[in-house]
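Written out below as structure tokens is the structure these notes cover.
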Amino acid sequence: MLEYIKIHPQNPQRRLLQQAVRIVDEGGIMVYPTDTNYGLGCGIFNRRGVERIMQFKRLPATHQFSILCADLSDISRYARVDNKTYRLLKRFLPGPYTFILEASRETPKTILPKRKTIGLRIPNHPICLGLLQEFGQPLLSTSMRLPEGDKILADPEEIRIHVEHVVDLLVDGGISADIHSTMVDLSGDAPKVLRVGAGDPAPFQ
Numbered sequence: 673m674l675e676y677i678k679i680h681p682q683n684p685q686r687r688l689l690q691q692a693v694r695i696v697d698e699g700g701i702m703v704y705p706t707d708t709n710y711g712l713g714c715g716i717f718n719r720r721g722v723e724r725i726m727q728f729k730r731l732p733a734t735h736q737f738s739i740l741c742a743d744l745s746d747i748s749r750y751a752r753v754d755n756k757t758y759r760l761l762k763r764f765l766p767g768p769y770t771f772i773l774e775a776s777r778e779t780p781k782t783i784l785p786k787r788k789t790i791g792l793r794i795p796n797h798p799i800c801l802g803l804l805q806e807f808g809q810p811l812l813s814t815s816m817r818l819p820e821g822d823k824i825l826a827d828p829e830e831i832r833i834h835v836e837h838v839v840d841l842l843v844d845g846g847i848s849a850d851i852h853s854t855m856v857d858l859s860g861d862a863p864k865v866l867r868v869g870a871g872d873p874a875p876f877q
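All residue numbers for the sequence shown refer to this note's numbering, where the first residue is 673 and numbers rise by one.
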């Protein structure tokens, strides 16, 4: 049965964040707001949760997930980050960017099929950051887009209709944007913009 929790988008109530995190901590998958769109995710070590998300979205085994982190120390744990890269991340995060970095050994293999890189984000959204802080570990993230369409769902009431019997939790933070983050690959010798979205790509071009 779907748990539906409405949380204030600017001043999230801690008791509601804790209520949501309990469901995720017990192995649940959830839909939640970020600074770019609603995400579908679970804890990164939740193997069954990852499988359920892949089945629902009909994702290929080679799909590259992103993980959401609460701060730069989390990114440094799950990716290889040198001093130059750290300074760059500090400049643009939190914000509407996904950075591709070489994964560290801490990253679970279930979300690294045949890849050595991982996408990492620190969303600039009070609810999402609150969930990450309460949960104490990163969240797997993929956009709330139905498998049969290209449209990213932005209205939690509409999302509810489609995920009622699929996910365990829907965190309602109001109508969101319906755009992707800007994706930048930092795993090579120079930054490479892979996708233009909400974040300004100019500093990396």
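Glycine included, C-beta positions come from ideal geometry on N, C-alpha and C.
Residue from the options with nearest C-alpha to residue i
{"i": "GLY721", "options": "THR734, HIS735, GLU698 and TYR710", "result": "GLU698"}
{"i": "PRO798", "options": "GLY767, ALA775, ILE790 and ARG787", "result": "GLY767"}
{"i": "ALA862", "options": "PRO681, PRO875 and GLY846", "result": "PRO875"}
{"i": "GLY871", "options": "MET702, ARG763 and GLU830", "result": "ARG763"}
{"i": "LEU765", "options": "LEU801, ARG686 and GLU830", "result": "LEU801"}
{"i": "GLN682", "options": "ASP850, LEU866, LYS864 and GLY846", "result": "GLY846"}
{"i": "VAL835", "options": "LYS678, ASP754, ARG686 and MET702", "result": "MET702"}
Whole-number beta carbon distance between residue j and residue i, since they are thought to touch under 8 Å
{"i": "HIS852", "j": "THR708", "result": "6 Å"}
{"i": "ARG817", "j": "LYS823", "result": "7 Å"}
{"i": "LEU825", "j": "TYR676", "result": "With a Cβ gap of about 15 Å, LEU825 and TYR676 do not count as contacting."}
{"i": "PRO785", "j": "ARG730", "result": "About 15 Å; that fails the 8 Å criterion."}
{"i": "GLY791", "j": "SER738", "result": "4 Å"}
Local Cβ density within 10 Å of residue i, reported as buried at 16 or more and exposed below that
{"i": "THR734", "result": "exposed"}
{"i": "ASN718", "result": "buried"}
{"i": "PRO684", "result": "buried"}
{"i": "ASP844", "result": "buried"}
{"i": "ASP746", "result": "buried"}
{"i": "ASP840", "result": "buried"}
{"i": "GLY860", "result": "exposed"}
{"i": "GLY821", "result": "exposed"}
{"i": "PRO795", "result": "buried"}
{"i": "PRO668", "result": "Here the chain has residues from 673 to 877 only, and residue 668 is not among them."}
Test item: CB-CB of residue i and residue j under 8 Å
{"i": "LEU674", "j": "LEU803", "result": "no"}
{"i": "ASP857", "j": "ILE772", "result": "yes"}
{"i": "ARG793", "j": "TYR769", "result": "yes"}
{"i": "TYR704", "j": "GLY713", "result": "yes"}
{"i": "THR814", "j": "GLY700", "result": "no"}
{"i": "ALA775", "j": "LYS756", "result": "no"}
{"i": "PRO873", "j": "THR854", "result": "yes"}
C-beta neighbour in chain D for residue i, strict 8 Å
{"i": "THR708", "result": "Of the protein chains in this structure there is only one, and it is not chain D."}
(message) Would you call the stretch 802-812 in contact with the stretch 736-747, where contact means no fewer than 3 C-beta pairs closer than 8 Å?
(response) Output reads yes: the stretch 736-747 touches the stretch 802-812.
(message) Whether or not the stretch 725-734 and the stretch 750-757 are in contact is what I'm after, with contact meaning three or more pairs of Cβ atoms, one per stretch, closer than 8 Å; do they touch?
(response) With the rule of 3 Cβ pairs closer than 8 Å, the stretch 750-757 does not count as touching the stretch 725-734.
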